[in-house]
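So for the sequence shown, our numbering puts the first residue at 5; every next one is plus one. Every residue, glycine too, gets a C-beta built ideally from N, C-alpha and C. Computed from a prediction, not measured in an experiment: that's the story for all the values here. Reading through the C-alpha cells given below for one structure.
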Amino acid sequence: MNTAQWTPALSLDFDPLDRMNHELMERLAQAQRASDADLSQAWGELVAHVATHFGQEDTWMRETGHRQSDAHSLEHRVVLNLLREGVGQLRQGQLAQVRQMSRELAAWFSRHTHAFDEALALHLRGHQLN
Numbered sequence: 005m006n007t008a009q010w011t012p013a014l015s016l017d018f019d020p021l022d023r024m025n026h027e028l029m030e031r032l033a034q035a036q037r038a039s040d041a042d043l044s045q046a047w048g049e050l051v052a053h054v055a056t057h058f059g060q061e062d063t064w065m066r067e068t069g070h071r072q073s074d075a076h077s078l079e080h081r082v083v084l085n086l087l088r089e090g091v092g093q094l095r096q097g098q099l100a101q102v103r104q105m106s107r108e109l110a111a112w113f114s115r116h117t118h119a120f121d122e123a124l125a126l127h128l129r130g131h132q133l134n
C-alpha cells in the first residue's frame, strides 16, 4: 500500500519547495486516514493545496525561464484534473476509487519529486529565490 509519508529522501534542499511538498504529503496522509464521513472534506483540502502548490511552482518556472517548465506544468495539470475528478467521484459515493487514487498519488509524488522537482530546486537555488 502506498501510504503518504514525508521522508528525508524527498528533501530538495530548497526550503520553499520542501515546505510545500511536506504540506502536500501531510494533507494526502490526512485524506488517507480520513473516515468515510470526513473524506470529502479532507480531499477538498488536499485539492485546494495542490492547486496552490502547483500554481506556485508554475509561477517560479515562468518567472525564471526553467527549461523543463512545459513538461513539468503539463504533469501538474493532468494530476490536478484527476484530483478534481475525485471530488466528483466522492459526490457520487465512489469512496473506494478516491482511496485508490490517494494511494496512486503517493507513489506518483515520489516519482514527480525526483523527476521534476529536483531539477526545479536546483534551478531555483541558482536564481537565489527563497
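Whole angstroms is fine: what's the gap from residue i's alpha carbon to residue j's?
i	j	result
HIS118	ARG95	33 Å
MET65	GLU79	14 Å
ALA35	ASP74	29 Å
ARG88	VAL51	7 Å
GLY48	LEU32	11 Å
PHE113	ARG37	18 Å
HIS131	SER77	19 Å
GLY97	GLN45	13 Å
LEU86	HIS116	15 Å
GLN93	GLN104	12 Å
If you count every other CB in all the chains shown that lies within 10 Å of the CB of residue i, and 16 or more means buried, which is it?
i	result
HIS70	buried
VAL54	buried
ASP121	buried
GLU61	buried
GLY90	buried
ALA100	exposed
VAL82	exposed
HIS26	exposed
Between which residues of its own chain and residue i is the CB-CB distance below 7 Å, once the five residues before and five after are set aside?
i	result
ALA123	GLN72
ASN134	Here ASN134 scores only 48 on pLDDT, less than 50, and its place in the model is too uncertain to base an answer on.
Complete runs of the alpha helix (DSSP H) confined to the segment 14 to 63 [at least 4 residues] = 19 to 37
What residue ranges within the segment 79 to 126 form continuous beta strand (DSSP E) runs of no fewer than 3 residues, ordered along the chain?
-> none
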